[in-house]
Amino acid sequence: MSGVLTLPARRTAPGVFVALAVTLAIGWLVVTVDGGQLFSLPTTVSLLHVAAGLGLVAVGQTLVVIGGSLDLSVAYVISLSTLVAAEAMNGDDAALLPAIGLALAVSAAIGLLNGLLVTKARINAFIATVGVGLLLKGYLDNGYDGPAGKTAPALVQGLGYQRVGPVPVSFLLLLAVAAAAWLVLARTRFGHHLIAVGGDPEVARLSGVRNHRVLVTAHVLCSLCAGLAGVYLASRLGSGAPRVGTEGLYDLESIAAVVLGGTALAGGRGGVAGTVGGVLLLASIDAIFNQLEVDAFFKQVIRGVIIIVAVAIYARRALRKAAS
Amino acid sequence: MRIAESRVLPRFARVRPGGLAPIVAILVVLLVLLTLRQPDFLSPPSLMSFLGRSAPIVLLAAGQYFVIVSGEFDLSVGSLVTAQVVVAARLIDSEPSRSWPVVVVLLAFGALVGLVNGVVTTRLGVPSFITTLGMFLILVGAVYLWSDGAPKGGLSEEFRRFGRRAFEDVPALGRIPYALLILLAAAALAVLLSRSDFGRTLVAVGGNPRTAGLSGVRVWRAKTIAFVLSGVSAALAAILLGGYSGVSFQAGAGLEFGAITAVVLGGVALGGGRGSVVGAMLGALTLETLFALMNFYGVSGALKSTVQGAIILLAVAVSSVRSSSR
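As structure tokens, then:
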């Protein structure tokens, strides 16, 4: 995308975990001095719930960003997926699996559209996915004024609120999806091709990679992840919510998490582990501020500053490494 | 508008073959559709007020052009417009005498935000997508925080006239909105700037920063100035928008995507190095024409974004297929 983005090769996945540890340590100290408890059961559980929702989206986003693309339609895909799932279930446990299947199929179809627009129609990914987002926004605004449908009780009890010790099932789902994505990137032909396409599309093409097919697959996987996040949010909310994706800023926050995790926006470099770290970092900051009862708006200011500063530190380290 | 097309465009079209043709074609088609439905749309009074209404987004597109052609993004302009409008209302607090000082404050504030965006992007090596996204979060959070969740104070009539008053009873044209005059002045400045050494340098920087740097261009300075221009254009847009539609936290919502879309519709390449500021401004005008068209054809408010999305995808797809086959 720009010269600034083409930094030399680096592995920053550990960097974000150092930042996470430091943040948690400082946060614990400040919260304790303040008379609160950061690692109490309710705080931990809610932290992991926040991380699960954003994480599912961000893992998918990682795949497209590594491929040199990006997806700004995810927020609308999430909202649509909550509605499709909740309306198809309509409070009936028997319809659980077909409804989830339907929500994921719709999401995958949107991903396919994104991928085809980016590859076959050669539209810049930024414009293509904003455009598809607008298409979905019109559909959602036109059809829904508020929550609709009813999530099956089994899903609410299972994915929504069930947990193993302090770890919610949804966070385990995130770990499973992240592990699968890591495996795909590290061990499969598709993963290697994706990294190659993101690194240099022309070289990849000349080496026999079918760029279009690879990018379309990445977009489908990204939308599937967003659809899964939608199913999870439907299980939390008990119904479909037409604005949950946009109000949660899932499009921009997922990209922020990906970049915090050390994946280059220009593509070709990065990984899922870093993204999970980035998500946990954002969720921890959220939890710490909630414990300190910081004003929601102030929280947003600090969040903006932290995102910029963290990425600036990465860039600095990369420059220093390049110099030495 | 017709005058402008017949006189100015052919010359530009010759200078940059094919650069402006697609956007002019789309604009003409939309104008024809609009005239079919609303024959008096092109009559001077309605055309004048349409152009006045479009001024803010055209200004934003011009500012965004400089950033995009240099290879960066500015996602903070929408939140900057909101922040400016809310800040203006609180500072003026319905006191007419404060109008001019506040205009100066807003322009300086816009330039400052642009400067921060530019310096963080170029000197700290943060991708502009992230810098301006962070700035977006900061500005939205700060403006809510500063006003405790609801806009305070009010704009004076002195301040609002830029956005909603006009020279009345002008012969032949009827009325000329102040906003249109401000737009014309800013547009002339933008065109001059884009054809100056700085403008050409900026395109070179966007095309290949390394080559530009090795040829002696101070890349960081050129890009930073582009961000400052975008910030100042957001300040101007905020002054006009605040005057036209008043104070709200939604004043600038979504304008960043509107401006970027307009710039891309106008044939400017995301990633930098190609495009013209005239194209960017025509792109914005096309987008506004599209909204007017949907109003006249009675497209329900909610479905507007669907139609908008479809047309943007279509237009960009057609022009990118054209340019790649050339």
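Residue numbers (the numbering used here), protein chains in the order written: chain A, -3 to 320; chain B, 8 to 333.
Glycine included, each C-beta is placed from N, C-alpha and C at the ideal position.
Quick caveat: nothing in here was measured; it's all calculated off a predicted structure.
Name, please, each residue of chain A whose Cβ falls closer than 9 Å to the Cβ of residue i.
i	result
B:Met142	Gly300 and Ile304
B:Thr89	Those do not exist, as B:Thr89 stays about 13 Å from chain A at its closest Cβ, beyond 9 Å.
B:Val127	Ile304 and Ala308
B:Ile33	Within 9 Å Cβ-Cβ: nothing; B:Ile33 doesn't reach chain A, min ~15 Å.
In chain B, what lies closer than 7 Å to residue i by C-beta?
i	result
A:Asp291	Leu152
A:Tyr135	Thr313
A:Phe294	Gly148 and Leu152
Per DSSP, what are the beta-bridge partners of residue i in this structure?
i	result
B:Val177	B:Gly181
A:Arg183	Partner(s): none; A:Arg183 has no beta bridge.
A:Val160	A:Val163
A:Gly144	Correcting the residue identity first, residue 144 of chain A is Ala in this sequence and not Gly. Paired residue(s): A:Gly236.
Using a Cβ cut-off of 7 Å, pull out every chain A residue sitting near residue i, in sequence order please.
i	result
B:Gln315	Leu130
B:Val335	Residue 335 of chain B is absent from the model: chain B starts at 8 and stops at 333.
B:Leu310	Gly134 and Asn138
B:Ser307	Asn138
B:Met138	Per the sequence presented here, residue 138 of chain B reads as Thr, with Met not at that position. In chain order: Ile304.
If the cut is a Cβ gap below 9 Å, which residues of chain B does residue i touch?
i	result
A:Val126	Phe264, Ile267, Thr268, Gly316 and Ile319
A:Tyr228	By Cβ distance, chain B contributes nothing, its closest Cβ being about 24 Å from A:Tyr228, past 9 Å.
A:Asn120	Val271, Ala276, Leu277, Gly278, Val323 and Ser327
A:Ala95	What A:Ala95 touches in chain B: nothing, since even the nearest Cβ is about 25 Å away.
A:Ile62	Within chain B, no residue comes near A:Ile62; the closest Cβ sits about 15 Å away, beyond 9 Å.
Which one of the options has the shortest CA to CA distance from residue i?
i	options	result
A:Ala253	A:Gly64, A:Ala105, A:Gly264 and A:Leu50	A:Leu50
B:Leu37	B:Gly282, B:Trp107, B:Asn302 and B:Val76	B:Asn302
A:Ala90	A:Val210, A:Gln158, A:Ala150 and A:Ala230	A:Ala150
B:Ala242	B:Tyr304, B:Ile189 and B:Gly280	B:Ile189
B:Ser240	B:Thr128, B:Ile183, B:Val147 and B:Ala193	B:Ala193
A:Val46	A:Phe167, A:Asp141 and A:Leu79	A:Phe167
A:Asp67	A:Ser103, A:Ala230, A:Gly139 and A:Trp24	A:Ser103
A:Val268	A:Val297, A:Asn110 and A:Ala182	A:Ala182
A:Leu43	A:Gly300, A:Leu276, A:Val290 and A:Val301	A:Leu276
B:Thr129	B:Ile75, B:Arg228, B:Ile145 and B:Phe264	B:Arg228
A:Gly139	B:Val210, B:Gln315, B:Leu310 and B:Ser154	B:Leu310
A:Leu59	A:Ala222, A:Leu245, A:Arg316 and A:Tyr310	A:Ala222
A:Leu92	A:Val180, A:Trp24, A:His188 and A:Tyr228	A:Tyr228
A:Leu16	A:Thr271, A:Val297, A:Leu315 and A:Leu136	A:Thr271
A:His208	A:Leu220, A:Ser219 and A:Gly194	A:Gly194
B:Tyr251	B:Ser61, B:Leu119, B:Ser53 and B:Val39	B:Ser61
B:Ile99	B:Gly286, B:Pro158 and B:Gly214	B:Pro158
B:Trp153	B:Ser203, B:Val76 and B:Val92	B:Val92
B:Ile75	B:Gln315, B:Met288, B:Gly213 and B:Val224	B:Gly213
B:Leu321	A:Lys116, A:Gly56, A:Val163 and A:Arg159	A:Lys116
A:Tyr310	B:Glu164, B:Ile137 and B:Phe48	B:Ile137
A:Trp178	A:Lys295, A:Gly56, A:Asp282 and A:Tyr72	A:Gly56
Would residue i pass as a contact of residue j if the rule is Cβ separation under 7 Å?
i	j	result
B:Val198	B:Val284	yes
B:Gly117	B:Gly238	yes
B:Leu67	B:Val84	yes
B:Gly70	B:Leu236	yes
B:Ala258	B:Leu272	no
A:Ser280	A:Ala54	no
A:Gly273	A:Phe35	no
B:Gly261	B:Gly274	no
A:Leu190	A:Gly63	yes
B:Leu140	B:Leu82	yes
B:Val133	A:Ala260	no
B:Arg182	B:Glu175	yes
B:Ala269	B:Ala299	no
A:Leu98	A:Ala84	yes
A:Thr125	A:Ser69	yes
A:Leu108	A:Val216	yes
B:Leu187	B:Pro51	no
B:Ala96	B:Leu162	yes
A:Leu224	A:Gly111	no
Give me the chain B residues within the contact set of residue i, using Cβ-Cβ distance strictly less than 8 Å, ordered along the chain.
i	result
A:Val297	Leu144, Ile145, Gly148, Ala149 and Leu152
A:Leu113	Leu320 and Ala324
A:Leu315	Gly132
I believe residue i touches residue j by the beta-carbon criterion, under 8 Å. Please report the beta-carbon distance rounded to the nearest angstrom.
i	j	result
A:Phe293	B:Tyr151	4 Å
B:Ile30	B:Thr293	6 Å
A:Ala214	A:Ser203	So it is not a contact: roughly 18 Å between Cβ atoms.
A:Ser231	A:Val152	5 Å
A:Gly236	A:Thr78	4 Å
A:Gly300	B:Leu144	3 Å
A:Ile74	A:Gly241	3 Å
A:Gly266	A:Gly258	6 Å
Is there a C-beta anywhere in chain E that falls below 7 Å from the one on residue i?
i	result
A:Leu248	The chain inventory of the structure shown lacks chain E, comprising the protein chains A and B.
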